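S.K.: Once you know that position 110 of the sequence shown is 252 in this note's numbering, the rest is easy, because the numbers rise by one and skip nothing.
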Amino acid sequence: MSASVQIQDHGPIREIRLARPPVNALDDELCRALAAALDQAMTDDVHGVVLSGSERIFSAGLDVPHLLSHGVDRARLLDSWNAFFGVARALGDSRVPVVAGLTGHAPAGGCVLALCCDYRIMARSPDPASPFAIGLNEVQVGLVAPEGIQRLLRRVVGAHRAERLLVSGAMVPAERAREIGLVDELVDGELVVPRAVAWLQALLKLPRQPMLRTRAIARAGVAQALQPGLIGLDRFVDDWYAADTQQALHALVERLKK
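1) By Cβ distance below 6 Å, which residues in the same chain neighbour residue 160 in space, the five residues on each side in sequence not counted?
2) What residues match up with residue 275 in a beta bridge as DSSP calls it?
3) Can you list, in chain order, the residues of its chain whose CB lies under 6 Å from that of residue 368, leaving out five sequence neighbours each side?
4) Are there 16 or more other CB atoms within 10 angstroms of the CB of residue 292, so buried, or fewer, so exposed?
5) Which residues in the same chain as residue 319 place their Cβ atom closer than 6 Å to its Cβ, once the five residues preceding and following it in sequence are excluded?
6) Within its chain, find whatever has a CB closer than 6 Å to the CB of residue 169; leave out the 5 residues flanking it on each side and keep chain order.
7) If you measure between the beta carbons of residue 263 and residue 299, is that distance less than 8 Å?
8) Straight-line CA distance for residue 151 to residue 174?
9) Nearest-angstrom Cα distance between residue 363 and residue 248?
10) So, for residue 281: in the same chain, excluding its five sequence neighbours on each side, which residues have a beta-carbon less than 6 Å away from its beta-carbon?
11) Looking at C-alpha atoms only, which residue of 182, 148, 157, 213 is the closest neighbour of residue 172?
12) Any idea what DSSP makes of residue 148, helix, strand or coil?
13) Could you tell me whether the segment 175–192 touches the segment 336–350, where touching means 3 or more Cβ pairs closer than 8 Å?
14) So, helix, strand or coil for residue 191, using DSSP?
15) Consult DSSP for residue 247 and reduce its assignment to one of helix, strand or coil.
16) Taking the beta carbon of residue 250 as the centre, do at least 16 other beta carbons fall within 10 Å, making it buried, or is it exposed?
17) Note down, in chain order, each residue of its chain lying with its Cβ closer than 7 Å to the Cβ of residue 353, except the 5 sequence neighbours on either side.
18) Please go through the same chain and pick out, in chain order, the residues whose beta-carbon is closer than 7 Å to the beta-carbon of residue 386, but skip the five residues on each side of it.
19) Looking only at DSSP bridge pairs, what is residue 266 linked to?
20) Do residue 267 and residue 316 have their C-beta atoms closer together than 8 Å?
21) To the nearest angstrom, report how far apart residue 338 and residue 328 are at their CA atoms.
22) Taking C-beta to C-beta, are residue 382 and residue 219 nearer than 8 Å?
23) Between which two residues does the alpha helix (DSSP H) harbouring residue 218 extend?
24) Let me know if residue 260 comes out buried or exposed under the rule of 16 or more other beta-carbons within 10 Å of its beta-carbon.
25) Just to check my reading of the structure: residue 257 and residue 334 have Cβ atoms closer than 8 Å, yes? What is that Cβ distance to the nearest angstrom?
26) Determine the direct distance from the alpha carbon of residue 182 to that of residue 223, and round the result to whole angstroms.
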């Protein structure tokens, strides 16, 4: 197992923790490690999964400097994005319930992974003046969220609210995210994983096969949203190379250096 992913079992429930300092940015290695960990969890017949992050940060999303390092090598860029959407599909297709333990901020790709999970539990910031936030802020860095990803957001917050959040690229503070259903619960940071485990334990007390079959029907839209035709990766990569997108992405990298 890659050092960028840590595993801890809580009885029949497996916690998969992102562990790539400083912000769990999703590069190829981390994405493939996550996909492998999810696959291993299915092989080991775990009954539920908690996907967690580090203190104050779940995941900052895709590793933009890494993606920009591919330059004009379209094949490498496609490979990186395929690695990310491979993780999203592994979460969306999971045959057991998955809880996103949002231990801190979850922008962009971090939000996408959370939306692929069954349930989202987010940490309260220790500083009320600086709340943790979650959202699909792609527009702010010059990107277009694919139709499939937009469907995931509509599924949890409704069509009109999703439109407003997507078009503005808004990052939603944790309290507001709970109010609109973007996250299901808000707890103190140290309680995120224990609460995620407890939620799964309660679900696992139900008759197993009826629960799992009902869940599969209810979540069919998640798997459908992540199908290649609704992600449109070739078009997404075309947009990546647009001049205004490149300008916004390079400006982001300069801000990250400060």
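Even for Gly, the Cβ is constructed at its ideal location relative to N, Cα and C. Small disclaimer: the values here were computed from a predicted structure and weren't measured.
M.R.: Looking at the coordinates:
1) Around residue 160: 166, 195, 201.
2) BP columns for residue 275 point to 315.
3) Excluding residues within five positions, the ones whose Cβ falls inside 6 Å are 230, 231, 234, 290.
4) Residue 292 is buried by the Cβ-count criterion.
5) Sequence-distant partners of residue 319 (beyond 5 residues in either direction) whose C-beta falls short of 6 Å from its own C-beta, in its chain, are 276, 325.
6) Answer for residue 169: 205, 208, listed in chain order.
7) Taking 8 Å as the Cβ cut-off, residue 263 and residue 299 do not qualify as a contacting pair.
8) Their backbone Cα atoms lie some 20 Å apart in a straight line.
9) Taking the straight line from one Cα to the other gives about 22 Å.
10) The residues are 311.
11) Nearest option by C-alpha distance: 148.
12) Looking at residue 148 - three-state DSSP - the assignment turns out to be strand.
13) Contact between the segment 175–192 and the segment 336–350 is present, because at least three Cβ pairs lie under 8 Å.
14) Under the three-state reduction of DSSP output, residue 191 falls in the strand class.
15) If DSSP states are grouped into helix, strand and coil, residue 247 belongs with the strands.
16) Around the beta carbon of residue 250, a 10 Å sphere encloses 16 or more other beta carbons of the protein chains shown; the residue is thus reported as buried.
17) Once the five neighbours on either side are set aside, the close Cβ partners of residue 353 are 345.
18) Beyond the five residues adjoining it in sequence on each side, residue 386 comes within less than 7 Å, by CB distance, of 284 in the same chain, given in chain order.
19) Within the DSSP bridge table, the entry for residue 266 names 330 as partners.
20) Between residue 267 and residue 316, the CB-CB gap stays under 8 Å.
21) Roughly 11 Å separates the two Cα atoms.
22) Yes, the Cβ-Cβ distance between residue 382 and residue 219 is below 8 Å.
23) Boundaries of the alpha helix (DSSP H) around residue 218: 216–234.
24) It counts as buried.
25) At roughly 17 Å, the Cβ-Cβ gap does not stay under 8 Å, so residue 257 and residue 334 are not in contact.
26) Taking the CA atoms as reference points, residue 223 sits about 22 Å from residue 182.
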